[in-house]
Amino acid sequence: MQKRFTYKIDAFISPFIASMVMLYFSLISFYTLQYTLKLTTLHHIESYYDKQIETHIKKGDRNNQDE
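Numbering-wise (my numbering), the sequence shown opens with residue 4 and increments by one.
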């Protein structure tokens, strides 16, 4: 009796390799997400402080004009 498989043995990917590839892609996507959130947070902090500096400078200009 001859063994019959639903897949070709030459093209078979073991479950271990498939799980390792899935783990690799999940780690890559996790670190990409973390880096994106970090950059977004830094951008918003920078824009906030730029606005605060501008308002502080404008307040200083107003105080100097009043004197």
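Where a beta carbon is used, it is the ideal one built from N, C-alpha and C, also for glycine.
- Distance from the CA of T58 to the CA of A21, rounded to the nearest whole angstrom, comes to 56 Å.
- The straight-line gap separating the alpha-carbon atoms of H46 and L36 is approximately 15 Å.
- Taking C-alpha positions only, K54 is separated from I60 by approximately 10 Å.
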